[in-house]
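Colleague:
Residue numbers (the working numbering), protein chains in the order written: chain P, 1 to 78; chain Z, 1 to 169.
#1: Compute the beta-carbon to beta-carbon distance between residue 83/Z and residue 30/Z, rounded to the nearest angstrom, for a pair I have assumed lies under 8 Å.
#2: For residue 12/P, which residues in chain Z fall below 9 Å Cβ to Cβ?
#3: I want to see whether chain P comes within less than 9 Å of residue 5/Z, judged by CB atoms only; does it?
#4: Can you look up residue 54/P in the DSSP assignment and give me helix, strand or coil?
#5: Report yes or no: do the segment 17 to 31 of chain P and the segment 57 to 76 of chain P share at least 3 C-beta pairs separated by less than 8 Å?
#6: From which residue to which residue does the alpha helix (DSSP H) around residue 33/Z run?
#7: What's the gap between the Cα of residue 57/Z and the Cα of residue 119/Z?
#8: Can you grab the Cα-Cα spacing for the pair residue 4/Z / residue 49/P, in whole Å?
#9: Please list, in chain order, all residues of the same chain as residue 39/Z whose beta carbon is under 6 Å from its beta carbon, the five residues on each side excluded.
#10: Assuming residue 150/Z is part of the beta strand (DSSP E), what are its boundary residues?
#11: Chain P beta carbons: is any one of them nearer than 9 Å to that of residue 21/Z?
#12: Compute the beta-carbon to beta-carbon distance between residue 11/P and residue 39/P, rounded to the nearest angstrom, for a pair I have assumed lies under 8 Å.
Dropping the structure here:
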């Protein structure tokens, strides 16, 4: 189990808010700490990984828990 | 469904930041969204962003006009509820189309244009008003929102010449 240091509830938010809020929440963490992101926007399954790849953060996992129910774990790397 | 994604870790901080340059030339409610959505997201992806507002695009950074952006039902067959042009000509139809669009956006939990514009400013997106078209349209500097710069073609090109992404909207 990965230790989660902070959870961001981005459910019921549309593009681009999940990414914008994730960015803000991740910057509030220390390097190597883990942010859990909860979303309902189907686009976030593509967008959160694209954001982590572009910014050099580590996407530990991207899960589809159910219809319109997604969970991501992101480790701050820089 | 769980997928673990291992990535090679790059350190963007050591590289020159990516850069995006946008020209926003339209001033309707529907056209207002793409520049601020892409600009705010690009900033969240550690890019340098500038938006150059020209002609009707100046409405998007106009203190008063940006609070009441409208969308026209005329010549818009792609609207979710298309209106025949002859009906769209009737007074009040633009107000109705605007009301409907705002309702759809709210229903889909889309953030308001003005809030997204604030996010852009907070995250360091440069907003440049086109001086020449301000003169053409009789817009004064004090009518634009705080945090804007003024500039002309050369100002935009100086920034855009090193851009990785350049968009005209």
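From the three backbone atoms N, C-alpha and C, an ideal C-beta is built for every residue, glycine too.
Everything numeric in this text was worked out from a predicted model, so none of it was measured.
Modeller: Quick answer:
#1: For the purposes of this step, residue 83/Z is identified with residue 83 of the second chain, where counting begins at 1. For the purposes of this step, residue 30/Z is identified with residue 30 of the second chain, where counting begins at 1. About 14 Å separates the two Cβ atoms, so there is no contact after all.
#2: Here residue 12/P corresponds to residue number 12 of the first chain, with the count starting at 1. What residue 12/P touches in chain Z: 109.
#3: Your numbering for residue 5/Z matches position 5 in the second chain. Annotation note: pLDDT 47 at residue 5/Z (below 50); position unreliable, coordinate value reported separately. Yes, residue 5/Z lies at the interface with chain P (some Cβ there is under 9 Å from its Cβ).
#4: Here the question's residue 54/P lines up with position 54 in the first chain. Of the three classes helix, strand and coil, the one that applies to residue 54/P here is helix, per DSSP.
#5: yes
#6: Within the second chain, the letter at position 33 stands for residue 33/Z. Where residue 33/Z is concerned, the enclosing alpha helix (DSSP H) stretches over 29 to 44.
#7: If you number the second chain from 1, residue 57/Z lands on position 57. If you number the second chain from 1, residue 119/Z lands on position 119. Straight-line spacing of the CA atoms in residue 57/Z and residue 119/Z works out to 18 Å.
#8: As a working note, residue 4/Z is residue 4 in the second chain. As a working note, residue 49/P is residue 49 in the first chain. A caution first: residue 4/Z carries a pLDDT of 46, below 50, which makes its placement in the model unreliable, though a value can still be read off. Taking the straight line from one Cα to the other gives about 11 Å.
#9: Numbered from 1 along the second chain, position 39 holds the residue referred to as residue 39/Z. Contacts found: 49, 51, 120, 125.
#10: As a working mapping, residue 150/Z is identified with position 150 in the second chain. That run of the beta strand (DSSP E) goes 148 to 151.
#11: The residue given as residue 21/Z occupies position 21 in the second chain. Put simply, the CB of residue 21/Z is far from chain P, with every gap to its CB atoms at 9 Å or more.
#12: As a first step, residue 11/P is located in the first chain; it is residue number 11 there, counting from the start. As a first step, residue 39/P is located in the first chain; it is residue number 39 there, counting from the start. About 6 Å separates the beta carbon of residue 11/P from that of residue 39/P, a gap short enough to meet the 8 Å contact definition.
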